[in-house]
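Visitor: One structure coming up, written as structure tokens, with questions to follow.
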Amino acid sequence: MSNDSFAASRRRFLRRSLAAMAGGAGFFAAPQSLSLLNAAWAGQGQCGGDYKALVCVFLLGGNDGHNLVVPRGATEYAHYADRRRGLAIAQNQLLPLQALDAPFALGLHPAMPQTAQLFESGKMAILGNVGALLEPVSKQAYDARTARLPPQLFSHNDQQTFWQSLQVRSATDTTPATGWGGRLAELVAASHNSCATLTMNLSLAGANPFQVGLAGEALSVDTGQIRAIEADREPSAVAELEAVYGIAQDNLLVEQYRRATRRAIDDYAVLRTALAGAPNLDSAFPPPPEPGDPASARFAFALGSQLRRAAQLIAVRAALGQRRQIFFCALGGFDTHDAQSADQPQLLAGLDQALAAFQRSVQAMNLQDQVTTFTASDFGRSMTSNGDGSDHGWGNHLFVLGGAVNGRRVYGAIPDMAAGSADFAGDGNLIPRIAVDQYGATLARWFGVTDAQALNTCFPNLANFAQRDLGFLS
Amino acid sequence: MTTLLRALIACVAIGLALPVAAADLIFRDGYEFPVRPSSRGEASRFLTQATFGPSDADIDALSASSYAAWIAAQVELPPSYFLPYMRSQAGITDPLQPIPFAEFLQAWFVRVLSAPDQLRQRVAFAFSEILVVSERGNGLGNDGLALGAYYDILLRHALGNYRDLLEDVTLSPAMGRYLSMYRNRKPDAANNIQADENYAREVMQLFSIGLVKLNRDGTPVLVNGQTVPTYDGDVVRNLARVFTGWACHCGAGQQCVPDPFPVEPFTCSTEHEMVPYEAYHDRDPKRLFDGVVLPAGSDARPELERALDALFQHPNVAPFVSRQLIQRLVTSNPSPAYVERVAAVFENDGRGVRGNLAATVSAILRDREAREGQRSSISFGKVREPLLRLTALWRAFDVVWDHDPLFPDDREIHESHNQSPLLSPSVFNFFSPGYSPGGVLAAPGLVAPEMQIVTANFAIRLANDVSGRVFWSYRGGPMDDPQFVGVRLVQLARWEQSIRPAAGSSQAPAGALDRLLDRSTELLLGGRISPALRSRIRARLDALPADEPLRRVQNAIYLIATSPEFAVQR
Chain U
605 MSNDSFAASR RRFLRRSLAA MAGGAGFFAA PQSLSLLNAA WAGQGQCGGD YKALVCVFLL
665 GGNDGHNLVV PRGATEYAHY ADRRRGLAIA QNQLLPLQAL DAPFALGLHP AMPQTAQLFE
725 SGKMAILGNV GALLEPVSKQ AYDARTARLP PQLFSHNDQQ TFWQSLQVRS ATDTTPATGW
785 GGRLAELVAA SHNSCATLTM NLSLAGANPF QVGLAGEALS VDTGQIRAIE ADREPSAVAE
845 LEAVYGIAQD NLLVEQYRRA TRRAIDDYAV LRTALAGAPN LDSAFPPPPE PGDPASARFA
905 FALGSQLRRA AQLIAVRAAL GQRRQIFFCA LGGFDTHDAQ SADQPQLLAG LDQALAAFQR
965 SVQAMNLQDQ VTTFTASDFG RSMTSNGDGS DHGWGNHLFV LGGAVNGRRV YGAIPDMAAG
1025 SADFAGDGNL IPRIAVDQYG ATLARWFGVT DAQALNTCFP NLANFAQRDL GFLS
Chain P
23 MTTLLRALIA CVAIGLALPV AAADLIFRDG YEFPVRPSSR GEASRFLTQA TFGPSDADID
83 ALSASSYAAW IAAQVELPPS YFLPYMRSQA GITDPLQPIP FAEFLQAWFV RVLSAPDQLR
143 QRVAFAFSEI LVVSERGNGL GNDGLALGAY YDILLRHALG NYRDLLEDVT LSPAMGRYLS
203 MYRNRKPDAA NNIQADENYA REVMQLFSIG LVKLNRDGTP VLVNGQTVPT YDGDVVRNLA
263 RVFTGWACHC GAGQQCVPDP FPVEPFTCST EHEMVPYEAY HDRDPKRLFD GVVLPAGSDA
323 RPELERALDA LFQHPNVAPF VSRQLIQRLV TSNPSPAYVE RVAAVFENDG RGVRGNLAAT
383 VSAILRDREA REGQRSSISF GKVREPLLRL TALWRAFDVV WDHDPLFPDD REIHESHNQS
443 PLLSPSVFNF FSPGYSPGGV LAAPGLVAPE MQIVTANFAI RLANDVSGRV FWSYRGGPMD
503 DPQFVGVRLV QLARWEQSIR PAAGSSQAPA GALDRLLDRS TELLLGGRIS PALRSRIRAR
563 LDALPADEPL RRVQNAIYLI ATSPEFAVQR
């Protein structure tokens, strides 16, 4: 407790100093005030030490992993092509992956050349057939409807929420819902971020269940200007407004709004000051789309601008007193019921450009071993075609990127799609063999949580799986 | 945990335990909610729920009437449709000529700020957030024709019948394209093709019955403590086969082909509903939820009618739709009893009609919880949607404009407000009905859906937007200039006049500043302001020079309209 209150008062002090600087210098404080501040906390032993960041890239809508990583061997490709028919990618279009220890040859979607290169250079691993599970599920149990399953498989919002929270909540549960990013942050905050002036969880994609902790939500960080309250024709009204946000309220919705805005004003002052010392990075990331550009340019910019801001926040981690950071980014549009063969390549090309740009930025800061990026999505998709698209599925293939990744490998398995394969349920859905809990726990262990009990708290279904660490991080 | 937070949670725990019993007690004592507003503030509260924001004139009119008479008059008003306006603005007469989406946004602002059929407009907007289509999806980009036609469907049925609304939505080209029922074909086993499940899934999950069985009061049915699913994957696959065989109506002058399923030579953008092509419709039997079976051999339209009937007759529809409409119009956390009273009217309007939306909306707005809930519950109300904050501010101060086309900043309203009509990021709307931001709301299990889009950056931007509207964009102000075409201007002159010192005086007329605050509080806060906020603003006005009455008016409005009290409608 005493440590907590010390840390809290220290945070308040630092926040005040930062806010004062921000106030004194308008939009951006002078760079030297940053170094003063760095000096202010660097003297504290507990404030220094190793740095790590986790970056979640959520592909909203359910990315079709079956066309992301595809069997390329003659027999396995034939099985794939037979199942997917009109949705299948031509064998000679696939980007070959020389995966270590893979049972058969694999290829990557042709829209992702830079990602293929990251894989080949050992900086990326593929997670095969990951999905929402409470416990291992057999084909027999699933088909007989006796398996214990996460709530509302195949529903977008429910599966996004389960993926990010890993909680099964009863209808009468009134305890606060939390996400595993939020719980993870709370496990390492005291030991790593006691000098931080902001919450560990920073969202570049707005409100999300992943980063909700008992203490509240992530800070949503704008990808553009970090604004202050302004009334340029009546500047003295700003202080009045801010004073109004100091008046506690009875109505809970009003009070919630008041606190959220109060926090936004304070935290954005801290951010403005810190980001004044950040590199611009504009030229390192995909530019805004121009009229006539392919759709991929829009997707590359949408995700790239989030990752650019994440890279800037990583660059100013010392000014924020953060030894641990968790970022949430998202790209929408992956619900390809329609025109999948036209749309998914554009989405994946955008993803490819944004991820590669981010990885280059991280390397330029020489932080490649300390920043791990991982992808996530609502669910995989059906193997069958609906004519020109695919429907909601279950198991999915994901990426993990970074210097700490034991790369150029597939963890889990890309299933053989032969008729009668035990990986596919009777309704044609791919049954996941790796739980999101295992995926997350492997990331969390690398991030600094080693205690078995703590991991079980953070990942409530982990205890139901034998392998607690999938081994893709060292 | 702070003491304040603990106290608040304790209050809520008590509040949650009490409402039903307390309400019964009130009624046993002969209490009845008023048939007409008891004050201008009460009239303003009602109009905040039923319109895009009250003006003084609206408050006067309602005060001279009754709630029921006002609603009845609104229901009778002819709908102010969008497409005729959009076409006249774009100089288009050909019903198949594309219309830029910008015309839709302009139509929206013109209609919600000035159309007389405010109740219909407000309910249609609510439905645009329940039966969601979006310009950001599946080829609907810049398709003002398809999206304008869709919004006109919402307007046509907003105070009509939910069954009609559901059918016209289902067969609209906009929804057909958005959720890919358009050119959805029957399964083809030889080619491993299944029917597209997209519309089948979302019409159940989002547009009619939801995921779990509900009691009439909107709470989930529990069996051994567990919720009960309304359907499973097999039902989705069966219903997907119902919605097969529909393609675009081909009009005169279009490149009509006998079989549009392989290739449609034009974009399906028309007011005409989709039409069936039986060769692509699945004729096998379908097993739906709760034992409903659709027999083999049915044509596309009769089968679709039966499936929609089954959805419409499902016991979930009344609480599912009623609760969401309450959330969009009145309060984020309605009591189960409130939901049940409204659902009962949805089920039977008193004349045996199910799905009567005028009756349902009337029940929502006239319910004792809508009219009196703010007095007894500290969780009553809803965070204003960002767009509704802006319309409320504008309408309160008699917004005017010289040219309908929108000023460039307002054409990009989503940039500053994180919301723009028919621009949701997905079919799940801008925010979820179950979203809780945590904090003081988390522990009591309460939701604040709109907070999902009022993230940190937008909390600041929404406050800064008020500065632009009040200090820049008023009649006679710096933005009232012919070079700024389309700026919406508030009118502050009469307010300024009311506090201008009389000739020879250095003070505002006696009582004028208090009247200014009273009237502003009526318009923006439903007549209720915390003593702390009021005294701060009053002190601020006193500190500003009396001979700058406009500045005083602007400061008063600015501080109210940026306050957390304005951010929540109660």
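Protein chains in written order, with the numbering used here: chain U, 605 to 1078; chain P, 23 to 592. Just so it is clear, CB atoms sit at the ideal spot from N, CA and C, and this is done for glycine as well. Keep in mind that this is a model prediction, so the values were computed, not measured.
Taking the alpha helix (DSSP H) that S725/U belongs to, which residues open and close that run?
Guide: In the first sequence, the residue the question calls residue 725/U occupies position 121. From DSSP, S725/U is part of no alpha helix (DSSP H); its letter is neither H nor E.
Visitor: In chain U, what lies closer than 8 Å to D218/P by C-beta?
Guide: On the second sequence, residue 218/P is found 196 positions in, with the first residue counted as 1. Correct list: H941, D942, N990, G991, G993 and D995.
Visitor: State yes or no: is the C-beta of V375/P within less than 8 Å of the C-beta of V590/P?
Guide: Locating residue 375/P in the second sequence gives position 353, counting from the first residue. Locating residue 590/P in the second sequence gives position 568, counting from the first residue. No.
Visitor: Chain U beta carbons: is any one of them nearer than 8 Å to that of A583/P?
Guide: As a first step, residue 583/P must be located in the second sequence, where it is residue number 561. For A583/P, the answer is no, since every Cβ of chain U falls outside 8 Å of its Cβ.
Visitor: Who pairs with Y1015/U in a beta bridge, going by DSSP?
Guide: The residue given as residue 1015/U occupies position 411 in the first sequence. Paired residue(s): L731/U.
Visitor: Quick check on E859/U - is its C-beta less than 8 Å from some C-beta in chain P?
Guide: The sequence position of residue 859/U within the first sequence is 255, counting from 1. E859/U counts as touching chain P.
Visitor: Using a beta-carbon distance below 8 Å, is Q227/P in contact with chain U?
Guide: Along the second sequence, read from residue 1 onward, the residue named residue 227/P stands at position 205. Yes, its Cβ sits closer than 8 Å to a Cβ of chain U.
Visitor: Counting along the chain, where does the beta strand (DSSP E) carrying C1062/U start and finish?
Guide: Looking up residue 1062/U in the first sequence gives position 458. Unbroken run through C1062/U is the alpha helix (DSSP H), A1056 to C1062; no beta strand (DSSP E).
Visitor: Any beta carbon of chain P sitting closer than 8 Å to that of E838/U?
Guide: Looking up residue 838/U in the first sequence gives position 234. Yes, because at least one Cβ of chain P sits closer than 8 Å to the Cβ of E838/U.
Visitor: For L153/P, tell me which candidate among V449/P, A524/P and L555/P has the shortest Cα-Cα distance.
Guide: Looking up residue 153/P in the second sequence gives position 131. When each option's Cα is compared against that of L153/P, the closest is V449/P.
Visitor: Taking L823/U as the query, report the chain P residues whose CB atoms sit under 8 Å from its CB, ordered along the chain.
Guide: Taking the first residue of the first sequence as 1, we reach residue 823/U at position 219. Going along chain P in sequence order, the residues near L823/U (Cβ under 8 Å) are A478.
Visitor: Give me the DSSP bridge partner(s) of G1104/U.
Guide: Nothing about residue 1104/U can be reported from this structure: the residues present for chain U run from 605 to 1078 only.
Visitor: Residues of chain P with CB closer than 8 Å to the CB of L791/U, please, in chain order.
Guide: The residue labelled residue 791/U in the question sits at position 187 within the first sequence. The premise fails here: L791/U is roughly 18 Å from chain P at the closest Cβ pair, so nothing lies under 8 Å.
Visitor: Does DSSP put C270/P in a helix, in a strand, or in coil?
Guide: The count along the second sequence starts at 1 and reaches residue 270/P at position 248. DSSP places C270/P in coil when its eight states are reduced to three.
Visitor: Pull up the CB-CB distance for F932/U and Q764/U, whole angstroms please, since I reckon it's below 8 Å.
Guide: Along the first sequence, read from residue 1 onward, the residue named residue 932/U stands at position 328. Along the first sequence, read from residue 1 onward, the residue named residue 764/U stands at position 160. No, F932/U and Q764/U are not in contact; Cβ-Cβ is about 12 Å, not under 8 Å.
Visitor: Within this structure, are the beta carbons of L99/P and D139/P separated by less than 8 Å?
Guide: The count along the second sequence starts at 1 and reaches residue 99/P at position 77. The count along the second sequence starts at 1 and reaches residue 139/P at position 117. Yes, Cβ-Cβ distance for L99/P and D139/P is below 8 Å.
Visitor: Express the C-alpha separation of K235/P and I475/P in angstroms, rounding to a whole number.
Guide: The count along the second sequence starts at 1 and reaches residue 475/P at position 453. The count along the second sequence starts at 1 and reaches residue 235/P at position 213. About 29 Å.
Visitor: Once you ignore the five residues that flank I830/U on each side, which residues in its own chain have a CB closer than 7 Å to its CB?
Guide: As a first step, residue 830/U is located in the first sequence; it is residue number 226 there, counting from the start. Excluding residues within five positions, the ones whose Cβ falls inside 7 Å are Y872, L875, R876 and L879.
Visitor: Can you tell me whether H1001/U is buried or exposed? The criterion is at least 16 other CB atoms within 10 Å of its CB, across all chains shown.
Guide: Numbered from its first residue, the first sequence carries residue 1001/U at position 397. Classification of H1001/U: buried, given that the 10 Å Cβ count is 16 or more.
Visitor: Counting only beta-carbon separations shorter than 8 Å, does M473/P have a partner in chain U?
Guide: Within the second sequence, the letter at position 451 stands for residue 473/P. Answer yes: the Cβ-Cβ gap between M473/P and chain U drops below 8 Å somewhere.
Visitor: Select from G810/U, V659/U, V741/U and T801/U the residue whose C-alpha is nearest the C-alpha of R752/U.
Guide: As a position in the first sequence, residue 752/U is number 148, starting the count at 1. Minimum Cα distance to R752/U is reached at V741/U.
Visitor: Go ahead and label C278/P buried or exposed: buried means 16 or more other beta carbons lie within 10 angstroms of its beta carbon, across all protein chains shown.
Guide: For the purposes of this step, residue 278/P is identified with residue 256 of the second sequence, where counting begins at 1. Classification of C278/P: exposed, given that the 10 Å Cβ count is below 16.
Visitor: Closest by CA to S136/P, which one among A418/P, L162/P, L167/P and N260/P?
Guide: The sequence position of residue 136/P within the second sequence is 114, counting from 1. Answer by Cα proximity: A418/P.
Visitor: Distance cutoff 8 Å, beta carbons only. Does F311/P sit that close to anything in chain U?
Guide: Taking the first residue of the second sequence as position 1, residue 311/P is located at position 289. Cβ-Cβ to chain U under 8 Å: no for F311/P.
Visitor: For R573/P, which three-state DSSP category applies?
Guide: Stepping through the second sequence from its first residue, residue 573/P is reached at position 551. Looking at R573/P - three-state DSSP - the assignment turns out to be helix.
Visitor: For a contact meaning CB atoms closer than 8 Å, what does E587/P contact in chain U?
Guide: The residue given as residue 587/P occupies position 565 in the second sequence. Those within 8 Å of E587/P in chain U are Q853 and V858.
Visitor: Count Cβ pairs between the stretch 382 to 392 of chain P and the stretch 500 to 516 of chain P that sit closer than 8 Å; are there 3 or more?
Guide: With the cut-off at 8 Å, the stretch 382 to 392 of chain P and the stretch 500 to 516 of chain P do not touch.
Visitor: With respect to the beta strand (DSSP E) encompassing T584/P, which residues constitute its N-terminal and C-terminal limits?
Guide: Here the question's residue 584/P lines up with position 562 in the second sequence. That residue, T584/P, is in no beta strand (DSSP E); it is neither H nor E in DSSP.
Visitor: In angstroms with no decimal places, state the Cα-to-Cα distance between D218/P and P317/P.
Guide: Stepping through the second sequence from its first residue, residue 218/P is reached at position 196. Stepping through the second sequence from its first residue, residue 317/P is reached at position 295. Whole-angstrom Cα-Cα distance: 20 Å.
Visitor: Under the three-state reduction of DSSP, which class applies to A45/P: helix, strand or coil?
Guide: Counted from its first residue, the second sequence places residue 45/P at position 23. Note that A45/P has pLDDT 36, beneath the 50 cutoff, so the model's placement of it is unreliable and the number below is only indicative. Three-state DSSP puts A45/P in a helix.
Visitor: Answer yes or no: does any C-beta atom of chain P fall closer than 8 Å to that of I693/U?
Guide: By one-based count along the first sequence, residue 693/U stands at place 89. No, I693/U lies away from the interface with chain P (no Cβ there is under 8 Å from its Cβ).
Visitor: Around the C-beta of A835/U, are 16 or more other C-beta atoms found within 10 angstroms, so that it is buried, or is it exposed?
Guide: In the first sequence, counting from the first residue as 1, residue 835/U sits at position 231. A835/U comes out buried.
Visitor: N486/P: which of P523/P, T413/P and A583/P sits nearest, CA to CA?
Guide: Counted from its first residue, the second sequence places residue 486/P at position 464. Answer by Cα proximity: A583/P.
Visitor: Report the partner residues of S807/U according to the DSSP bridge assignment.
Guide: The count along the first sequence starts at 1 and reaches residue 807/U at position 203. Partner(s): S824/U and F932/U.
Visitor: Are the CB atoms of A95/P and E57/P within a distance shorter than 8 Å?
Guide: To locate residue 57/P, count along the second sequence from 1; it is residue 35. To locate residue 95/P, count along the second sequence from 1; it is residue 73. The sequence given here has Val at residue 57/P, not Glu. No; because the gap between Cβ atoms is not below 8 Å, this pair is not in contact.
Visitor: Span of the alpha helix (DSSP H) holding K743/U?
Guide: Numbered from 1 along the first sequence, position 139 holds the residue referred to as residue 743/U. Element bounds for K743/U: K743 to D747.
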